[in-house]
Amino acid sequence: MIQRKQRADWWALWVILGWLMLLPAAHASTADHTQFEELQGPFTSADQVTQACLGCHTEAAQQVMATRHWTWDYENPHGGERLGKRTMLNTFCIADQSNEGFCQSCHVGYGWEDDTFDFGDQSRVDCLACHNTGDYVKKGGWAGWPNEALTDLTRAARNVGATSRETCGSCHFYGGGGDGVKHGDLDSSLVNAHRELDVHMAVDGLDFSCSSCHQTESHVVPGSRIQGTAVDAQAAVIRGSQEARNPATCQACHGDTPHESGAMAERLNAHTRALACQTCHIPEFARGGIPTKMAWDWSTAGELDEAGNPLQRKDDNGHVIYDSKKGDFVLGENVVPEYLWWDGTTTFVTAETVIDPSKRVLVNTYHGTPGAEDARIWPVKRALGRQPYDTVHRTLLRPQVAIPNDTAFWYNFDWDKALAVGTGTSSQPFSGEYDFVDTAMLWPITHMVAPGDQALGCAACHADDGRLAGVEGVWLPGRDRHQLLDRFGFGLAGLMLLGVVGHGALRIANRNRRKEP
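Letter by letter, the sequence shown follows residues 16 to 532 in my numbering.
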């Protein structure tokens, strides 16, 4: 048994060393891009930088154009619906369609303003979006073009480098309309994270970049919030093995028995049969001092001040909790997640789905059978919304909100116009009759991993009001009781006690008899 344990420890050590050896070193590049003649400029437009990059990196654009980072579209293998930012609905900014010129500031390309965008034009791939090392700004409303007044394209081109938390975060931290709005476990506090915030990305610790876990092959970034990997009950991945497996899971590095020492190691490893690693190791999200939006009510948008101008209201900490353009917000920090069974299967409400407006509409639904081999209990953020729907067709609607013209809500505060143009642009049937309906959307919590000594203790779940109190299919000793089983157990214990007492009494009586003359 000891020998097997030692072999397992050595195996885990070699796997981790293999990963670390493949992490990008600070000065690992064999090329100094500042010396390349092709990058001396001057560049008058961003697509000229792309053309210069492709002179050496001949296959890069084709690789990027084959990814979801470029298409913002793919088919859900579980439900068959078209997903991705391009067509999906959500509980924050509602929809990308008809708002492309604004939303595509986070696209890895230039010039996606409407459905005429040429997805086959390699010059429109934005290399700098991911590989700039600073001072590169893609402004909202510019359809992915950089703000040339704030960006020295020649300097940016000559100082390209590996991706970083900051470059990935320029989109993923600010998705949904602001810092930390959408995910809850991704915000700008991770750029310079301390160990208590995230043990992997800590600048005073491992200092992982995003690609340390989301290791990219041919520009394909593994890991998805839409098509998730809920269960990875396997040993650690050996880097370079080309396994058909997501290398961005916890188990891909730590294996399926991650607890290796201590009196409780075996018991904790047994918990991985039912719990995702994140359930214990991310006790709260939005822990970096930046609040996340827990609720967004579009129905209250449009309030103006006495002069007829849009307004904002802030809380005591200076955070916006009402905006005329967007409505009311509920913010949260140090939020305890909700928990549910998830097997990686997720279905979504689309613009074609007929909804029941008498109850809260679940924009996405996580599926998983309690106790099943392919499911685990996961922590999630439940983002609540209130958004427009067609009262005749009973479908969620796509408004135009952000394009600077008289048809967008942010510029006219007229829902009738915004909904008519938004649905027309996206070819969605619209009766002209609308109201607002309560919605909800789930996001898996998988970043902001706390140090091991700050993981949840036993009492967090094994208590009457523990964190898993509302999760089906969970029997927790110390919390759950069954009246008949209790009676049977106490009765059996009582009989055993009577038997012991009776047996002892008989032995004493027999001993006293033997002592009599």
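Don't be surprised by glycine CBs; every beta carbon is placed ideally from N, CA and C.
Item: Residue 328 - containing beta strand (DSSP E), residue span; Value: 327-329
Item: Residue 125 in three-state terms, based on DSSP; Value: coil
Item: Local conformation of residue 210 per DSSP, three classes; Value: coil
Item: Pairwise C-alpha distance: residue 283 and residue 290; Value: 10 Å
Item: Sequence-distant residues of the same chain with beta carbon closer than 7 Å to residue 314, five excluded per side; Value: 342, 401, 451
Item: CA-to-CA distance, residue 252 to residue 268, given in whole angstroms; Value: 6 Å
Item: Contact the segment 457-470 vs the segment 439-449: 3+ CB pairs below 8 Å; Value: no
Item: The alpha helix (DSSP H) enclosing residue 432, as first and last residue numbers; Value: 430-440
Item: Cα-Cα separation, residue 14 to residue 511; Value: Residue 14 cannot be examined here, being either before or after the span of the chain that is shown, 16 to 532.
Item: 6 Å CB neighbourhood of residue 326 in its chain, flanking five on each side removed; Value: 320, 339
Item: DSSP beta-bridge partners of residue 266; Value: Per DSSP, none; premise fails for residue 266.
Item: Meets three-Cβ-pair contact criterion under 8 Å: the segment 300-309 and the segment 375-385; Value: no
Item: Alpha carbon of residue 199 to alpha carbon of residue 514, nearest angstrom; Value: 58 Å
Item: Entirely enclosed alpha helix (DSSP H) segments - the segment 88-155, minimum 4 residues; Value: 115-118, 143-146
Item: Where residue 37 sits in the DSSP three-state scheme; Value: Note that residue 37 has pLDDT 44, beneath the 50 cutoff, so the model's placement of it is unreliable and no number is given.
Item: Cβ shell of residue 489 (< 6 Å), same chain only, five flanking positions each side left out; Value: 483
Item: Same chain, Cβ closer than 8 Å to residue 261, neighbours up to 5 away in sequence not counted; Value: 237, 238, 244, 247, 267
Item: From 94, 295, 388, residue whose alpha carbon lies closest to that of residue 474; Value: 295
Item: Short Cβ contact (7 Å threshold) for residue 87 with residue 97; Value: no
Item: Environment of residue 81 [buried if 16+ CB atoms lie within 10 Å]; Value: exposed
Item: Collapsed DSSP secondary structure at residue 412 in the structure displayed; Value: coil
Item: Residues bridged to residue 392 (per DSSP); Value: 290, 356
Item: Buried versus exposed call for residue 146 [16 or more other C-beta atoms within 10 Å across all chains shown]; Value: buried
Item: DSSP-derived helix/strand/coil call for residue 52; Value: helix
Item: Rounded C-alpha distance that separates residue 533 from residue 223; Value: Outside the shown range of the chain, which is 16 to 532, sits residue 533, and nothing can be said about it.
Item: Residue 382 - containing alpha helix (DSSP H), residue span; Value: Where residue 382 is concerned, there is no enclosing alpha helix (DSSP H), although the beta strand (DSSP E) it sits in stretches over 379-382.
Item: Residue 424: first and last residue of the uninterrupted alpha helix (DSSP H) it sits in; Value: 424-427
Item: Neighbourhood of residue 286 by C-beta, 8 Å cutoff - its chain only, sequence neighbours within 5 removed; Value: 295
Item: Rounded separation between residue 448 and residue 403 - CA only; Value: 10 Å
Item: Run of the beta strand (DSSP E) containing residue 458, from where it starts to where it stops; Value: 449-459
Item: Proximity of residue 348 and residue 398 at Cβ, strictly below 7 Å; Value: no
Item: Alpha-carbon spacing of residue 173 relative to residue 143, whole angstroms; Value: 10 Å
Item: Own chain partners of residue 219 with C-beta closer than 8 Å, once the 5 adjacent residues on each side are dropped; Value: 209, 210
Item: contact_flag[the segment 189-197, the segment 99-117] where n(CB pairs < 8 Å) is 3 or more; Value: yes
Item: Cβ pair count under 8 Å reaching 3, the segment 125-132 against the segment 49-58; Value: no
Item: Residue span of the alpha helix (DSSP H) that contains residue 85, given as start and end; Value: 83-86
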